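Report on the structure given below.
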DNA sequence: CGTTATGCTTACGTTCACGTCAAGCAATCT
DNA sequence: AGATTGCTTGACGTGAACGTAAGCATAACG
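Protein chains in written order, with UniProt numbering: chain A, 1 to 134; chain B, 1 to 134.
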């Protein structure tokens with residue numbers, strides 16, 4: 001059962017990260033596990049944030065960029081300038097991501113072409129070798 | 001005029017990188033400028049490779065991953081096992097990139113939703129403030 | 001009740017991708 | 001000739017994102 005609170009080990013197993021990583025993210029204020037005595041217990045909020053963190057990392061964003069993005073996902077924020085800024089940053093990130101997607105599309109096409117050229121080239125080499133062996 | 005050979009400074013201006021970066025990439029065997037005495041001169045091949053390097057970096061690939069990919073773009077390679085391996089690696093990268101594109105698409109959607117929620121939320125906060133000021 | 005596992009803090013180490021001097025050579029301007 | 005400019009090779013420094021090891025507390029197991 002997916003309990004509401006998870007230990008650090010459960011988190012590590014669930015998300016395939018190390019304890020060090022989770023403590024590091026807490027130090028950087030990306031997640032906020034509660035304490036039971038000295039131990040950390042991670043909430044569903046932490047899990048949602050961690051999911052977004054790992055996703056962001058795969059797009060090459062820095063932890064600091066991700067942290068700012070996460071603020072946008074905090075629906076308890078009633079500070080107008082802060083929310084305004086979060087939205088602004090969110091728009092920038094969105095632009096980044098759309099640009100990246102477009103570039104990625106181009107790069108995929110290029111790589112596909114290069115691959116089919118490479119396969120053809122390889123076949124040519126193999127044929128040459130076979131002919132030379134007769 | 002775009003000469004065939006460019007100095008390090010011309011390269012830096014053209015690609016918005018530092019000399020250190022170009023020397024570093026040469027040391028890592030990502031580019032192979034020729035020498036005029038002691039000075040580096042960059043060919044169109046170096047420029048093509050640099051373009052691919054900078055693109056790869058934007059997708060979060062490491063320089064080592066990029067180096068392997070660049071080998072695939074070397075059409076002078078007549079070594080069958082090497083070409084075979086390059087194609088293999090290229091296929092893996094292609095898969096990575098397609099996965100990343102799909103994930104990116106999802107993330108963009110999520111961020112868009114979060115942004116429109118945020119904008120709505122912000123408007124609510126502003127309205128509340130206006131009402132409280134009466 | 002001792003051992004094994006899990007967790008904590010503190011702190012130094014590591015990898016990647018460069019940045020930042022220092023010191024020296026070579027061509028060019030004055 | 002002397003100074004400036006551009007490029008070179010070391011070599012040490014840096015920030016991000018953790019890894020790793022030491023030393024201690026607590027908790028679960030047999």
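All C-beta atoms, glycine included, are put in the ideal place defined by N, C-alpha and C.
Bear in mind that the values here come from a model prediction, so they are computed numbers and not experimental data.
Identify the contact partners of residue i in chain A, using a Cβ-Cβ distance below 8 Å as the criterion.
| i | result |
| --- | --- |
| residue 125 of chain B | 78, 80 and 83 |
| residue 129 of chain B | 80 |
| residue 108 of chain B | 94, 97, 98 and 101 |
Do we get a CB-CB distance below 7 Å when we pair residue i with the residues of chain B?
| i | result |
| --- | --- |
| residue 1 of chain A | Bear in mind that the predicted position of residue 1 of chain A carries a pLDDT of just 46, short of 50, making it unreliable; the figure below should be weighed with that in mind. By this cut-off, residue 1 of chain A is not an interface position. |
| residue 50 of chain A | no |
| residue 60 of chain A | yes |
| residue 53 of chain A | no |
| residue 30 of chain A | no |
Can you pull the chain B residues whose beta carbon is under 8 Å from the beta carbon of residue i, in chain order?
| i | result |
| --- | --- |
| residue 114 of chain A | 72, 73 and 90 |
| residue 86 of chain A | 118 |
How should residue i be labelled, buried or exposed, when 16 other C-beta atoms within 10 angstroms of its C-beta is the threshold for buried?
| i | result |
| --- | --- |
| residue 107 of chain B | buried |
| residue 46 of chain A | buried |
| residue 1 of chain A | Note that residue 1 of chain A scores 46 on pLDDT, short of 50, meaning its location in the model is unreliable and no value can be drawn from it. |
| residue 31 of chain A | buried |
| residue 56 of chain B | buried |
| residue 8 of chain B | buried |
| residue 33 of chain B | buried |
| residue 39 of chain B | exposed |
| residue 66 of chain B | buried |
| residue 90 of chain B | buried |
| residue 130 of chain A | exposed |
| residue 133 of chain A | exposed |
Kindly indicate the opening and closing residues of the beta strand (DSSP E) around residue i.
| i | result |
| --- | --- |
| residue 83 of chain A | Element bounds for residue 83 of chain A: not the beta strand (DSSP E) but the alpha helix (DSSP H), 80–133. |
| residue 36 of chain B | 34–36 |
| residue 75 of chain A | Counting along the chain, residue 75 of chain A falls outside any beta strand (DSSP E), and DSSP gives it neither H nor E. |
Could you give the residue range of the alpha helix (DSSP H) that holds residue i?
| i | result |
| --- | --- |
| residue 9 of chain B | 8–15 |
| residue 70 of chain A | 63–72 |
| residue 23 of chain B | 19–27 |
| residue 52 of chain A | 44–58 |
Taking Cβ positions only, does residue i come closer than 7 Å to chain A?
| i | result |
| --- | --- |
| residue 63 of chain B | no |
| residue 66 of chain B | no |
| residue 101 of chain B | yes |
| residue 122 of chain B | yes |
| residue 104 of chain B | yes |
| residue 41 of chain B | no |
| residue 22 of chain B | no |
Using a C-beta to C-beta distance shorter than 7 Å, which residues of chain B count as neighbours of residue i?
| i | result |
| --- | --- |
| residue 5 of chain A | By Cβ distance, chain B contributes nothing, its closest Cβ being about 25 Å from residue 5 of chain A, past 7 Å. |
Query raised in the report: Taking three-plus beta-carbon pairs below 8 Å as touching, is the region 96–115 of chain A in contact with the region 90–100 of chain B?
Result: yes
Query raised in the report: With contact counted as at least three CB pairs below 8 Å, one residue from each stretch, are the region 112–131 of chain A and the region 10–19 of chain B in contact?
Result: no
Query raised in the report: So does the region 113–121 of chain B actually touch the region 68–80 of chain A, counting three or more Cβ pairs closer than 8 Å?
Result: yes
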